[in-house]
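This report refers to the structure that appears directly beneath it.
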Amino acid sequence: MERRSLINITLFGIVALLSISIAKADDPYKFFTWSVTYGNIAPLGVPQQVILINGQFPGPKLDCVTNDNIVLNVINKLNEPFLLTWNGIKQRKNSWQDGVLGTNCPIPPNKNFTYIFQPKDQIGSYTYFPSTGLHRAAGGFGALNVYSRPRIPVPYADPAGDFTLLVGDWFKASYKTLQQSLDAGKVLPFPDGLLINGQQTRSTFTGEQGKTYKFRVSNVGLLTSFNFRIQGHKLKVVEVEGSNVIQNVYDSIDVHVGQSLSILVTLDQAPKDYYIVASTRFTRTVLTATGALHYSNSASQVSGPLPAAPAGGFHWSLQQARTFRWNLTANAARPNPQGSFHYGTIPISKTFVLANSAPLINGKQRYAVNQISFINPDTPLKLADYFNIPGVFSLNSIQSSPSGGAARLGTSVLGATHHDFIEVVFQNDENAMQSWHLDGYDFWVVGFGSGRWSQASRKNYNLKDALTRHTTQVYPNSWTAILVSLDNQGMWNLRSAMWSRQYLGQQLYLRVWNSAQSLANEYNPPTNVLLCGKAVGRHP
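All the letters of the sequence shown, read from the start, carry residue numbers -25 to -1, 1 to 515 under mature numbering (1 follows the signal peptide of the UniProt record, and there is no 0).
Okay, here's the thing in structure tokens:
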């Protein structure tokens, strides 16, 4: 198996190097082989089966420079199908590598698949995680950090060090038990703990007094938002999911499910150790994980009370969210300033209002969008679309705005035209926090509001310096509006970042289509494409 995997990665590396459809020849290639296995560890003191990548929990950090070509051979040594998705990587013209069940067949047990993708014109802090079943509750996640090219500097001095913190809620129950509970029509229980890099208390980050360090903080949990803070230190936010932002300074920061950001912290206090704290937000029971910021010349361990989370709940969090703004003068991954794209002047082609709900269907708990609770067909939508396979999905099988009526199961796909400029409103009429993610894109988060959205709500949109990102929160009984430039043809997953909601139907697909088929718009399927369902036996 190992010998065959080496042959595969060599073969597909050559294919990638020769392919002009993937990237220009001067963009470097980076090769990886990841082996996915089960392992037994005890993150919360109770031994349990988790998913390891190359024996690691969390998985290995994937560091690259913008426009690098990633050739990553994933060997599935589990006894069940497996897929990885790249959270926030846009996959330009290449939804074949997206790694979700609507675009890819899962990797069968004891088989491998080589992903070939490029974080094109992106910089920032991202993550990867399993998209099959409830594997995300077992591990298999990790950091994906995209650095800028030296000739296009970021708008701050190079930090003295770069730390990655993967923070998320965790359950003592196995992922199989949790999945069985969801399949039986129950909701997930409240998590048992919160972890930082797979640990509840022992993560330590060391720096020198007087120097500044970057902390990349991501929420890799299933259900809960958290607040992040460092005892005695200020947090300067410099990047949010690929956007360079106005560099505001905070005492603490809320991070919602699926979100990532980068913070600069200057070690300007007395030489000792200081608590790093993450604690759940908007929960009756507060879960807390701690680490330590260790000054290299410190002789004192962490001490004193933990710094408190902010009071004010949803209102405080919303007000903070509105302070995250694009830095209009900063370059992104290209030399032109971020603000050179004047999104606020572009006419809206189409508006979608997507309302989440939590209905019972056939006596079981489900989650829905505009009354449709999504079910994955046996044939990925992308393959059905490419091969013109009937009976898998139909366009506009979900309404573009909620209209009431009973919820039902379905495979919901919204149709849109390549180069449209669309408005999407996430309407949350529930009392629970929501978090939404769109694959293949980033989008401008232009408005938050309470109650029901209406066209009059547009007068309060930020049409000047709203930041772009790939995941946004929606507060209870509120709405969030985004604008999206549909410049990436393909079949793209729009889903709840809260994985139990995604698993039970709070998702859909956006088919971005151009009738003039061209490699300039979208790549052909890769030569190693996996085929399943009704696509078995077909040839790309």
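The beta carbon of each residue, even a glycine, is placed where N, CA and C say it ideally should be.
To the nearest angstrom, report how far apart residue i and residue j are at their CA atoms.
{"i": "Val449", "j": "Gly288", "result": "14 Å"}
{"i": "residue 566", "j": "Ser218", "result": "Outside the modelled stretch of the chain, which goes from -25 to 515, sits residue 566, for which no answer is possible."}
{"i": "Ser446", "j": "Gln482", "result": "Sequence inspection shows Thr at residue 446; the Ser mentioned does not correspond to that position. Straight-line Cα distance between these residues: approximately 13 Å."}
{"i": "Ile(-4)", "j": "Leu506", "result": "In this prediction, Ile(-4) has a pLDDT of 45, which is less than 50 and means its spatial position is unreliable; nothing more can be read from the coordinates."}
{"i": "Phe423", "j": "Lys209", "result": "26 Å"}
{"i": "Trp488", "j": "Val420", "result": "24 Å"}
{"i": "Asp462", "j": "Ala148", "result": "42 Å"}
{"i": "Lys439", "j": "Arg486", "result": "28 Å"}
{"i": "Val46", "j": "Asn499", "result": "17 Å"}
{"i": "Leu109", "j": "Asn51", "result": "16 Å"}
{"i": "Asp404", "j": "Asn345", "result": "12 Å"}
{"i": "Pro18", "j": "Thr179", "result": "16 Å"}
{"i": "Arg(-23)", "j": "Phe396", "result": "Unreliable positioning characterises Arg(-23) in this predicted model, as indicated by a pLDDT of 38, which lies under 50. The coordinate reading is nonetheless provided below. Roughly 48 Å separates the two Cα atoms."}
{"i": "Ser429", "j": "Ile323", "result": "15 Å"}
{"i": "Ile28", "j": "Pro105", "result": "11 Å"}
{"i": "Asn437", "j": "Leu58", "result": "37 Å"}
{"i": "Leu119", "j": "Ile64", "result": "9 Å"}
{"i": "Asn496", "j": "Ile98", "result": "22 Å"}
{"i": "Pro352", "j": "Pro81", "result": "13 Å"}
{"i": "Ile321", "j": "Ile457", "result": "13 Å"}
{"i": "Lys(-2)", "j": "Arg259", "result": "Low confidence applies to Lys(-2): its pLDDT is 46, below 50, so where it sits in the model is not reliable, and the reading given next is rough at best. Their Cα atoms are separated by approximately 52 Å."}
{"i": "Gln155", "j": "Val224", "result": "44 Å"}
{"i": "Ser70", "j": "Pro501", "result": "11 Å"}
{"i": "Ser235", "j": "Val192", "result": "6 Å"}
{"i": "Thr152", "j": "Lys161", "result": "12 Å"}
{"i": "Asn42", "j": "Ala391", "result": "27 Å"}
{"i": "Gly(-13)", "j": "Asn503", "result": "Note that Gly(-13) scores 43 on pLDDT, short of 50, meaning its location in the model is unreliable; the coordinates nonetheless yield the value given after this. Looking at the two C-alpha atoms, the distance is approximately 12 Å."}
{"i": "Val261", "j": "Leu197", "result": "15 Å"}
{"i": "residue 523", "j": "Pro451", "result": "Nothing about residue 523 can be reported from this structure: the residues present for the chain run from -25 to 515 only."}
{"i": "Ala381", "j": "Gln340", "result": "14 Å"}
{"i": "Gly173", "j": "Pro33", "result": "6 Å"}
{"i": "Phe257", "j": "Arg204", "result": "16 Å"}
{"i": "Arg383", "j": "Ser376", "result": "16 Å"}
{"i": "Leu370", "j": "Phe401", "result": "20 Å"}
{"i": "Asp133", "j": "Ala308", "result": "16 Å"}
{"i": "Gln206", "j": "Pro282", "result": "6 Å"}
{"i": "Asn62", "j": "Ala472", "result": "10 Å"}
{"i": "His393", "j": "Gln464", "result": "6 Å"}
{"i": "Gln72", "j": "Met466", "result": "11 Å"}
{"i": "Val49", "j": "Ala359", "result": "24 Å"}
Answer yes or no: do residue i and residue j have a C-beta to C-beta separation smaller than 8 Å?
{"i": "Tyr103", "j": "Phe92", "result": "no"}
{"i": "Asn202", "j": "Pro280", "result": "no"}
{"i": "Tyr342", "j": "Leu479", "result": "yes"}
{"i": "Val195", "j": "Asn468", "result": "no"}
{"i": "Gly508", "j": "Thr354", "result": "yes"}
{"i": "Tyr249", "j": "Thr265", "result": "no"}
{"i": "Asp144", "j": "Pro166", "result": "yes"}
{"i": "Ala441", "j": "Trp291", "result": "no"}
{"i": "Phe434", "j": "Thr78", "result": "Sequence inspection shows Lys at residue 434; the Phe mentioned does not correspond to that position. Cβ atoms of Lys434 and Thr78: not closer than 8 Å."}
{"i": "Gly319", "j": "Leu242", "result": "no"}
{"i": "Ser278", "j": "His231", "result": "no"}
{"i": "Leu53", "j": "Pro22", "result": "no"}
{"i": "Ala253", "j": "Leu141", "result": "no"}
{"i": "Lys247", "j": "Ser273", "result": "yes"}
{"i": "Tyr13", "j": "Gln31", "result": "no"}
{"i": "Val240", "j": "Phe299", "result": "no"}
{"i": "Val213", "j": "Gln222", "result": "yes"}
{"i": "Asp417", "j": "Thr443", "result": "yes"}
So who's on the other strand from residue i, going by DSSP bridges?
{"i": "Gly480", "result": "BP columns for Gly480 are empty, so no partner."}
{"i": "Ile221", "result": "Partner(s): none; Ile221 has no beta bridge."}
{"i": "Trp428", "result": "Answer is none; Trp428 lacks a bridge partner."}
{"i": "Arg444", "result": "Phe418"}
{"i": "Met466", "result": "Arg486"}
{"i": "Glu398", "result": "Thr326, Leu458"}
{"i": "Val192", "result": "Leu140, Leu236"}
{"i": "Phe349", "result": "Gly385"}
{"i": "Arg204", "result": "Ser227, Val252"}
{"i": "Tyr13", "result": "Ile26"}
{"i": "His412", "result": "Thr446, Arg470"}
{"i": "Thr199", "result": "Note: Thr199 sits in no beta bridge, so no partner."}
{"i": "Asn337", "result": "In DSSP, Asn337 forms no bridge with anything."}
{"i": "Phe180", "result": "Leu268"}
Exercise for the section: Count the CB pairs spanning the segment 327 to 344 and the segment 393 to 410 that are closer than 8 Å, and state whether there are at least three. Expected result: yes
Practice task
Just list the alpha helix (DSSP H) runs in the segment 227 to 303, keeping only unbroken ones of 4 residues or longer that don't cross its boundaries, in chain order.
Solution key: 288 to 296
Exercise for the section: At 4 residues or longer, and completely inside the segment 26 to 91: list those alpha helix (DSSP H) runs for me, N to C. Expected result: none
Exercise for the section: Please specify which runs of the beta strand (DSSP E), each continuous and at least 3 residues long, are wholly inside the segment 101 to 166, giving them in chain order. Expected result: 117 to 122, 136 to 145
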